[in-house]
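Protein chains: 2
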Amino acid sequence: MANSFVQVSPDSHFSLQNLPYGIFHPRDAAADQPSPRPGVAIGDYVLDLSAIASAGLFDGPILKSSSECFLQTTLNAFLQLGRPAWKEARATIQKLLSADEPTLRDNASLRKKSLFPMSEVEMLLPTVIGDYTDFFSSMHHAKNCGTIFRGPENAIPVNWFHLPIAYHGRASSIVISGTDIIRPRGQGYPISDSPPSFGPSKKMDFELEMAAIVGPGNELGKPVNVNEALDHIFGLVLMNDWSARDIQAWEYVPLGPFLGKSFGTTISPWIVTLDALEPFSCDAPNQVPNPLPYLAESKHKNYDIPLQVWIKPAGQNDPFLVTKSNFNNLYWTLSQQVAHHTINGCNLRPGDLLGTGTISGPEPDSLGCLLELTWNGKNLLDLNGVSRHFLEDGDEVIFSACCKGNNYNVGFGKCSGKILPAHP
Amino acid sequence: MANSFVQVSPDSHFSLQNLPYGIFHPRDAAADQPSPRPGVAIGDYVLDLSAIASAGLFDGPILKSSSECFLQTTLNAFLQLGRPAWKEARATIQKLLSADEPTLRDNASLRKKSLFPMSEVEMLLPTVIGDYTDFFSSMHHAKNCGTIFRGPENAIPVNWFHLPIAYHGRASSIVISGTDIIRPRGQGYPISDSPPSFGPSKKMDFELEMAAIVGPGNELGKPVNVNEALDHIFGLVLMNDWSARDIQAWEYVPLGPFLGKSFGTTISPWIVTLDALEPFSCDAPNQVPNPLPYLAESKHKNYDIPLQVWIKPAGQNDPFLVTKSNFNNLYWTLSQQVAHHTINGCNLRPGDLLGTGTISGPEPDSLGCLLELTWNGKNLLDLNGVSRHFLEDGDEVIFSACCKGNNYNVGFGKCSGKILPAHP
Ligand SMILES: [Ca+2]
Ligand SMILES: [Ca+2]
Ligand SMILES: [Mg+2]
Ligand SMILES: [Mg+2]
Ligand code: NI
């Protein structure tokens, strides 16, 4: 594939092969500029899709008549159009940005209007998230959590191997990477006959996850077939499902996690499309027992996406690598998640978020949360001189993910957040 | 209080003292009419608030400059304005509709534009529901469910008396009263070593609930004080949290209910305001142990709202009364629910829905779902000749609620839905 006329350094996540979508606005927008708008990342720049649409450059058969989807403040309208429109947009943008295509390369006025240095824009939530679902699809995570909370005999719940377990999360508190997270207050387990404890959480944790962004969705009452399910996924982001383990442990029986999670969930701003990830697809783990027919797919595939978690402890200058995992640790695939979610007729809508659940691998340094890394605070995690049971105020947690191609990267950028002290 | 010039029959739910809000559109709307719009129920009529706003009749200090909230297709903008605006709107509408006020009464052209017979309108969802939370606040329901699922020793979970337990529900599948519900398919418990069962649910149930509609809401990170919490509740609707008990029982450990609920939730179209319900407020149950300070409220109040569940079995002409309960059976109050929901900083947004949980009373004929009424299908419920363990295809479930004042009612109308066969 040709390179872009926009310079893309070898370590950039945002090659011409990637082209992830987000919503941005220029930081010092003059009053007459439109506000939030869709963009695509290329090297250290953001291509403003509203400017490209206004210039009439989405001239393919589908988008010619529906390019107002790029004049919206969210990506929902574009997501609703479905994969043929997404492929057309990708082809158009890839051509426009390529080194041998003069249309944008040689048009200084249009370049000025449509290419913003990343350092001069602010990223916003890419979609209106109607519903946010969080799955529980890494077997290693399920086994470790089960062992910690319920003991080694019945670590993995009996239903786990038959269905991709999930719960509804809180959509209102989903924030974009870089947003500070205020330590939540809440109740914890009573000690013997005392009332429950109350105060700022003492067990603040991250959860290394990715999340799928839903495309067209389905009508209420009409399940999505597992073999067509990937047409309902636009792409992926990184997600930190911040968790207050003490609040969660006390509240979660019998209706599941609630306030231990709902104080904040961080996603990365750039949605990397499944089309860009296709070169990194790989076989998903063999499933024993065989899933029921509605979950049995003709192509059982995952993506090879290396994931990293870094913690920059309060007062330190450097982040420290604490976990290396991979999206391909997931036992249940994206398509199985969609097929299961809709088998009862539940409707998905464009922009919905489907979290994978914490992505832990089998090795001690591939665990996706502090609960596992410190075994519920029993052990200390060494961070190059300082140590942690759980997160302290001022700690910053940074996720990153990058697929390495032949001389190009398809990366996700960062998903970061810093813990602020609880309100008094 | 004066009567309305619109005739209100003695058994109407919609007196001049009620004035519940909804979103409607005329059934055979001419092409040039605006689409869905806010209305208020009075007798057998709907007062079109967009017409009243366009006529400049919201002339109080707050709404004079913000009456475009009545030109929207949902109530969210009005809800965001908060209680002072709600009180002003109520006073304005009550005056306009009263028998001794000529403005609307004597203006035939405006009456024609603004008063629609209820039989000629279709009701729609009243708000965009960003998030839907379902609580678990009736002690009788908690005890009965716990006994059925976990045995009598540990029927009520240890945390239940310390916090109003809740989980996130699915917002996308909330539908308006009158919408048919398609029986969901899904997995159920395996019998011995077989794979899990799969097929249409055999344990379709209703849950008698009410739901609060959130007003202004709170900023992420800023909890709502329990003594100010009612200012964040606009009003109440009836809610049927349809439940597939076989799907729910197999999936709910450890992350809570998911597909057993997410195929559909029905709400009644008219939001009865807390201002209209104030004459029916009453003391809430004494709480032992004392709640933690953030849940301890200076006025611990409930509302005396008699509730009924009727089932019209498939093929029968008449509905049969199966349950009489009351909103005042709730152990945790609305204000405690809001204070708990936000104590961790979670933000509520205008239009959010907070279900109470199934409202069961102590008597055998005051139980709020078939799970309890038939003790998980062990017993038969007699419906005047036919009998049921759980709901069958074609069964219609109808909730109603009405507070009786002195010569007036403050009622909720109906919340109904019929079960259709599962898709093949
Ligand atoms: Ca999670
Ligand atoms: Ca419920
Ligand atoms: Mg979270
Ligand atoms: Mg439901
Ligand atoms: Ni209609």
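From first to last, the protein sequence lines stand for chains E and V. Numbered as in my numbering, the first sequence ends at 1125 without a single skipped number. Numbered as in my numbering, the second sequence ends at 1125 without a single skipped number. We put the CB at the ideal spot given by N, CA and C, even for glycine.
Quick check on residue i - is its C-beta less than 8 angstroms from some C-beta in chain E?
| i | result |
| --- | --- |
| I883 (chain V) | yes |
| C1047 (chain V) | yes |
| Q888 (chain V) | yes |
| W951 (chain V) | yes |
| S713 (chain V) | no |
| V954 (chain V) | yes |
| L993 (chain V) | yes |
| R1050 (chain V) | yes |
| H1124 (chain V) | yes |
Just grab the DSSP bridge partners of residue i for me.
| i | result |
| --- | --- |
| K1013 (chain V) | V:E1097 |
| N1027 (chain V) | V:P1007 |
| G1086 (chain V) | None, per the DSSP bridge assignment. |
| H1042 (chain E) | Answer is none; H1042 (chain E) lacks a bridge partner. |
| Y722 (chain V) | V:V741 and V:I972 |
| E979 (chain V) | The partner list for E979 (chain V) (beta bridge, DSSP) is empty, contrary to what the question assumes. |
| Y868 (chain V) | V:D835 |
| S944 (chain V) | V:D906 |
| A1102 (chain E) | E:L1008 and E:G1114 |
| G936 (chain E) | E:I914 and E:T974 |
| I1120 (chain E) | E:I882 |
| D1138 (chain E) | Because chain E here runs from 702 to 1125, residue 1138 (chain E) falls outside it and cannot be looked at. |
| V876 (chain V) | V:T967 |
| S705 (chain V) | V:S799 |
| I1055 (chain V) | Position check: residue 1055 (chain V) holds Leu in this sequence, whereas Ile was assumed. L1055 (chain V) pairs with V:T834 and V:A913. |
| L1022 (chain V) | V:W1011 |
With a threshold of 8 angstroms between beta carbons, is residue i in contact with chain V?
| i | result |
| --- | --- |
| I948 (chain E) | yes |
| F959 (chain E) | yes |
| P990 (chain E) | yes |
| G922 (chain E) | yes |
| L1054 (chain E) | no |
| F1091 (chain E) | no |
| R784 (chain E) | no |
| F964 (chain E) | yes |
Under the criterion of a Cβ to heavy atom distance below 7 angstroms, does residue i qualify as lining ligand 7?
| i | result |
| --- | --- |
| T1043 (chain V) | In the structure on display, ligand 7 does not appear, and the ligands it does have are ligand 1, ligand 2, ligand 3, ligand 4 and ligand 5. |
key: Whole alpha helix (DSSP H) elements within the segment 746-785 of chain E, 4-residue minimum   = 750-755 and 777-782
task = May I ask you to list, following chain order, the residues of the segment 853-876 of chain V that have a beta carbon less than 7 angstroms from some beta carbon of chain E?
result = P858, N860, H863, L864, I866, A867, Y868, H869, G870, R871, A872, S873 and S874
ask   = Can you list, in chain order, the stretches of the beta strand (DSSP E) that have 3 or more residues and sit fully within the segment 795-836 of chain V?
value = 816-818, 822-825 and 833-836
inquiry  = I need the residues with a C-beta less than 5 angstroms from some heavy atom of ligand 2; please give them in chain order.
reply    = V:D835, V:E908 and V:D942
task = For the segment 1062-1084 of chain E, enumerate the residues whose C-beta is nearer than 9 angstroms to any C-beta of chain V, in chain order.
result = none
task = Pull out every residue of the segment 836-850 of chain E whose Cβ sits closer than 7 angstroms to any Cβ of chain V, in chain order.
result = F837
ask   = In chain order, what residues of the segment 806-834 of chain E put their CB closer than 7 angstroms to some CB of chain V?
value = G831 and D832
ask   = Quick one, which residues of the segment 890-916 of chain E are near chain V if we go by CB-CB under 7 angstroms, in chain order?
value = P896, P897 and F899
query = Given a limit of 7 angstroms on CB to CB distance, which residues of the segment 1012-1044 of chain V reach chain E?
reply = I1044
request  = Jot down the residue ranges of each uninterrupted beta strand (DSSP E) in the segment 879-927 of chain V, minimum 3 residues, whole runs only, in chain order.
outcome  = 886-889, 898-901 and 909-915
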